[in-house]
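K.L.:
Here the protein sequences come in this chain order: A and B. Note that my numbering has the first sequence beginning at 1, numbered continuously upward. Note that my numbering has the second sequence beginning at 1001, numbered continuously upward. Every residue, glycine too, gets a C-beta built ideally from N, C-alpha and C.
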Amino acid sequence: MVKKPLRFLCPNGHLGFAPIKTESFYLGVETKPDFILADSGSDDIGPGPLGSDTSTSPLEWQRHDLEHMLLAARRLGVPMIIGSAGDTGTNSRVDLYVNIIKELADKHNLPKFKIGYFYSEVSKDYLARKMDKGEVIKGLDGRPNLTRADLEKTDRIVAMAGVHPYIKLLDMGADVIIGGRSSDCVIFAAPAIRAGFPEDLAYYLGKVLECASFCAEPYGGKETVIGTITEKEVLVTAMHPQQRCTVASVAGHAMYERSNPYYEYVLGGMLDMSNCRYEQYDEKTCRITGPKFVPSPEWWVKLEGSGKVGERYVGIAGIRDPYTIKNIDKVIEWARAQVRERFGDEGYELHYHVFGRNGVMGELEPVKEIRSHELCVVVQGIAPTKAMAEEVTMIGTRQMFYARLPEVKGTAGGVAFVLDEVLPASPAYMWTMNHIVRLDDPLELFPTYLTEAGK
Amino acid sequence: MPTAKLADLAKTIRSKNAGTDKITFDIIFREKEKYELVKKSGVLTPETICKLYGIERERIADFVEFDPAYAIKFTIYRRRPSGSPGDSDVFGCQQYAPLLDIEVPVE
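1. Please report the distance separating the alpha-carbon of residue 1082/B from that of residue 1096/B.
2. Considering only the beta carbon of each residue, do residue 396/A and residue 389/A sit closer than 8 Å?
3. Kindly indicate if chain A contains any beta-carbon less than 8 Å away from that of residue 1057/B.
4. Does the pairing of the region 364-374 of chain A with the region 331-351 of chain A give three or more beta-carbon distances under 8 Å?
5. Following the continuous beta strand (DSSP E) through residue 1012/B, name the residue where it begins and the one where it ends.
6. Please list, in chain order, the residues of the region 1049-1075 of chain B that have any C-beta partner in chain A closer than 8 Å.
7. Considering only C-alpha positions, which residue in the set 47/A, 53/A and 209/A is nearest to residue 189/A?
8. If you drop the 5 nearest sequence neighbours on each side, which residues of the same chain put their C-beta closer than 6 Å to that of residue 42/A?
9. Please report whether the beta-carbon of residue 1010/B lies at a distance below 8 Å from any beta-carbon of chain A.
10. Just to confirm my understanding: we take residue 299/A, look at its own chain, exclude 5 residues before and 5 after, and list those with CB closer than 6 Å. What are they?
11. Please check the pair residue 383/A and residue 392/A, which I expect to be a contact at CB under 8 Å, by giving their CB distance rounded to whole angstroms.
12. Quick check: the Cα distance between residue 270/A and residue 292/A, rounded to an integer number of angstroms?
13. Name the chain A residues that come within less than 7 Å of residue 1022/B, Cβ to Cβ?
14. Measuring straight from C-alpha to C-alpha, what distance separates residue 1004/B and residue 425/A?
15. At a cut of 8 Å, does the region 55-62 of chain A reach the region 242-261 of chain A through at least three beta carbon pairs?
16. Terminal residues of the continuous alpha helix (DSSP H) containing residue 397/A?
17. Suppose the cutoff is 7 Å on Cβ atoms and the five residues either side in sequence are ignored; what does the same chain contact list for residue 1090/B look like?
18. Determine the direct distance from the alpha carbon of residue 1059/B to that of residue 458/A, and round the result to whole angstroms.
19. Out of 2/A, 378/A, 200/A and 322/A, which has the shortest C-alpha to C-alpha gap to residue 295/A?
20. Do we get a CB-CB distance below 8 Å when we pair residue 1077/B with the residues of chain A?
21. Can you give me, in chain order, the residues of the region 36-49 of chain A that have a beta carbon less than 8 Å from any beta carbon in chain B?
22. Taking the alpha carbon of residue 147/A as the reference point, which residue from 455/A, 434/A and 38/A has its own alpha carbon closest?
23. Hey, is residue 1005/B's beta-carbon within less than 8 Å of any beta-carbon in chain A?
24. Name, please, each residue of chain B whose Cβ falls closer than 7 Å to the Cβ of residue 369/A.
25. Is the CB-CB distance between residue 181/A and residue 123/A below 8 Å?
26. Just by C-beta distance, which residues in the region 324-357 of chain A are closer than 8 Å to chain B?
27. Strictly below 9 Å CB to CB, what residues from chain B border residue 238/A?
28. Quick one: does residue 1016/B have its CB under 8 Å from some CB of chain A?
29. Any idea if residue 387/A is buried or exposed, counting beta-carbon neighbours within 10 angstroms, 16 or more meaning buried?
30. Is the beta carbon of residue 185/A sitting closer than 8 Å to the one on residue 236/A?
31. Scan the region 93-180 of chain A and note each continuous beta strand (DSSP E) run of 3 residues or more that stays entirely inside, going in chain order.
32. Answer with yes or no whether the minimum CB distance from residue 195/A to chain B is below 8 Å.
33. Would you list, in sequence order, the uninterrupted alpha helix (DSSP H) runs of no fewer than 4 residues that lie entirely inside the region 1031-1073 of chain B?
34. For residue 357/A, which residues from the same chain have a beta carbon less than 6 Å from its beta carbon, with the 5 sequence-adjacent residues on both sides left out?
35. For residue 1046/B, go through chain A and note every residue whose CB falls closer than 8 Å to its CB, in chain order.
36. Is the distance from the Cβ of residue 1075/B to the Cβ of residue 1061/B below 8 Å?
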């Protein structure tokens, strides 16, 4: 018997980062999809949110999206699934989202329903024990294998879940699922696989839907798309009245944010897209056939880790004098020397971003000469304490004012200050881990729970 | 030989993080002819990219001519992970600019 196609509505590629556009969302809801799903996580936002266990998005934006999705899902009586809750998928972000769902259920007097959730944080002890047993924690993307020193520098670690905890929670009867850190595509693949569709197509469905309208044209974020899976194809349809999913927009999206357009690795295998075929199905829909999922013989899971480098302040200085601009490196060297005189060579970091020269691209900038009539220098000072970070940054910024250039005409001050102070910034963090570790069981790091909401 | 700028031939030229340690660049064409023209011209190869960005060959993680999307894509290793102190482009999304002005020979 031919299986009934399933339709998946995705309104947002990074829930919370900017609110969903509701017009296309409700156009999609009116078509009665079988699932409403969104990914909420990203490592694009840098290591700060994971390290400090915070979200990068305002709570109100997150609540906004969850409210629209929850009410629509409960009204239709279909599962709602969120992956990588609250940007990072840490345990605190999962709890936050579960609580928001409960509050929304009370606010709207929703009939009782089940919330399933799972965690994805990994303890340093767990990895240390693995290392003690001689297991290698392999580095990705050119990183060396994990060392004790990397582990020491780490404050918080999450592992990227596969489809397994989602399938388990659906089996447990969850109406709403709040996931810890997960590979984006598995949020969508899990319910499709559970319903018996081929893994080849299910993972591709997730791959194409994870960023919502980024796979449509013309460009416009935060609009709803609907993916349909059948036993032989995936269809993806734009819901915004002006957007279309075309061969170009969908095939182009396969490349987005990835090193190579052909392969996507998840816990349990790899999606091979090298033989994908793209066809225009109707005005707003692209049809995709030919993806292949290759299961892996072992369970290897990806880890993300972040560690605090120090407290941070930021200073800003402007320069207009053409002679000073020409000698900007000498000005910076003078200021650095003053910091060295006070604090020595080590135990802090001092970074200069010279906007108007190579502030955006740094060493990758091919334009070597300065072409601007003015420069803005952003100074970042990082140190173990706030007091020291403030002083490092203050010396590094203030002393640009006093830089000793032999031919300078203006001797009353070498740089212009918008503010004669340095500003406290978020602490500095570093990605300490982009590694993989072997598991005995794909659920090993992802404990699942069920709770209730509504009346 | 007459030339055209890559920016005038391509539909999209962008850069973006690919994970925490890499930045990936996409050059996407609307028409197959323009894609083939650029592909055959030799202006975009691992070697020309190394020269443009002043990097060693080892910094290029991937270089792919992606026919289904009429796109040329390459990925470079970051010198430090995204968002580290001293990084000036947390999303890696403003590193494509030097590609815009590449001169492509046209018949």
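P.N.:
With the structure as the only source:
1. Mapped onto the second sequence, residue 1082/B falls at position 82. Mapped onto the second sequence, residue 1096/B falls at position 96. If I take the Cα positions, the gap works out to 16 Å.
2. As a working mapping, residue 396/A is identified with position 396 in the first sequence. As a working mapping, residue 389/A is identified with position 389 in the first sequence. Pairing residue 396/A with residue 389/A gives a Cβ-Cβ distance that is not under 8 Å.
3. For the purposes of this step, residue 1057/B is taken as the residue at position 57 of the second sequence. No, residue 1057/B lies away from the interface with chain A (no Cβ there is under 8 Å from its Cβ).
4. No, they do not touch.
5. Here residue 1012/B refers to the residue found at position 12 when the second sequence is read from its first residue. First-last of the beta strand (DSSP E) with residue 1012/B: 1012-1017.
6. Listed by position, the residues of the region 1049-1075 of chain B near chain A (Cβ gap below 8 Å) are 1052, 1053, 1054, 1055, 1061, 1062, 1064, 1066, 1068, 1069, 1070, 1071, 1073 and 1075.
7. If you number the first sequence from 1, residue 189/A lands on position 189. Minimum Cα-Cα distance from residue 189/A among the listed residues 47/A, 53/A and 209/A corresponds to 209/A.
8. The residue labelled residue 42/A in the question sits at position 42 within the first sequence. The beta carbon of residue 42/A lies closer than 6 Å to those of 14 in the same chain, with the five residues before and after it left out.
9. Here residue 1010/B corresponds to residue number 10 of the second sequence, with the count starting at 1. In terms of beta-carbon proximity, residue 1010/B stays away from the interface with chain A, with every pair separated by 8 Å or more.
10. Residue mapping note: residue 299/A aligns to position 299 of the first sequence, counting from 1. The beta carbon of residue 299/A is closer than 6 Å to those of 439 and 442 in its chain, skipping five residues each way along the sequence.
11. In the first sequence, residue 383/A corresponds to position 383, counting from 1. In the first sequence, residue 392/A corresponds to position 392, counting from 1. So it is a contact: roughly 5 Å between Cβ atoms.
12. Working through the first sequence from its first residue, we reach residue 270/A at position 270. Working through the first sequence from its first residue, we reach residue 292/A at position 292. So the alpha carbons of these two residues sit roughly 8 Å apart.
13. Your numbering for residue 1022/B matches position 22 in the second sequence. The answer, in chain order, is 141 and 259.
14. Translated into positions along the second sequence, residue 1004/B becomes position 4. Translated into positions along the first sequence, residue 425/A becomes position 425. Going by C-alpha positions, residue 1004/B is about 44 Å away from residue 425/A.
15. In the pairwise beta carbon analysis, the region 55-62 of chain A is classified as not touching the region 242-261 of chain A: fewer than three pairs are separated by under 8 Å.
16. Residue 397/A sits at position 397 when you count from the first residue of the first sequence. Where residue 397/A is concerned, the enclosing alpha helix (DSSP H) stretches over 386-401.
17. Reading the second sequence from its first residue, position 90 is the one you call residue 1090/B. Taking C-beta separations shorter than 7 Å and ignoring five residues to either side along the sequence, the partners of residue 1090/B in its chain run 1082 and 1083, following chain order.
18. Nothing can be reported for residue 458/A, as the shown portion of chain A is limited to 1 through 455.
19. Residue 295/A sits at position 295 when you count from the first residue of the first sequence. Selected option, being the one with the closest Cα: 200/A.
20. Along the second sequence, read from residue 1 onward, the residue named residue 1077/B stands at position 77. Residue 1077/B has a beta carbon lying within less than 8 Å of a beta carbon in chain A.
21. Within the region 36-49 of chain A, the qualifying residues are 43, 44, 45, 46, 47 and 48.
22. In the first sequence, the residue the question calls residue 147/A occupies position 147. Of the listed residues, the one whose Cα sits closest to residue 147/A is 434/A.
23. Residue 1005/B sits at position 5 when you count from the first residue of the second sequence. No, because no Cβ of chain A sits closer than 8 Å to the Cβ of residue 1005/B.
24. The residue given as residue 369/A occupies position 369 in the first sequence. Under the 7 Å cutoff, chain B gives no residues; its nearest Cβ is about 14 Å from residue 369/A.
25. By one-based count along the first sequence, residue 181/A stands at place 181. By one-based count along the first sequence, residue 123/A stands at place 123. Against a cut-off of 8 Å, the Cβ pair of residue 123/A and residue 181/A comes out as no contact.
26. Flagged, chain order: 349, 351 and 353.
27. Here residue 238/A corresponds to residue number 238 of the first sequence, with the count starting at 1. Near residue 238/A there are no residues of chain B at all, since even the closest Cβ is about 17 Å away, more than 9 Å.
28. On the second sequence, position 16 is the one that residue 1016/B refers to. Yes, residue 1016/B lies at the interface with chain A (some Cβ there is under 8 Å from its Cβ).
29. Taking the first sequence and counting its residues from 1, one reaches residue 387/A at position 387. Exposed, since its Cβ has fewer than 16 Cβ neighbours within 10 Å.
30. Locating residue 185/A in the first sequence gives position 185, where the first residue counts as 1. Locating residue 236/A in the first sequence gives position 236, where the first residue counts as 1. Not a contact, by the Cβ cut-off of 8 Å.
31. DSSP runs (the beta strand (DSSP E)) wholly in the region 93-180 of chain A: 113-118, 156-159 and 176-178.
32. On the first sequence, residue 195/A is found 195 positions in, with the first residue counted as 1. It does not; no Cβ of chain B falls within 8 Å.
33. Whole alpha helix (DSSP H) segments, 4+ residues: 1032-1041 and 1046-1053.
34. As a working mapping, residue 357/A is identified with position 357 in the first sequence. Only 370 meet the Cβ criterion.
35. For the purposes of this step, residue 1046/B is identified with residue 46 of the second sequence, where counting begins at 1. Contact of residue 1046/B with chain A by beta-carbon distance below 8 Å is absent, the smallest such distance being about 14 Å.
36. In the second sequence, the residue the question calls residue 1075/B occupies position 75. In the second sequence, the residue the question calls residue 1061/B occupies position 61. Contact flag set, yes.
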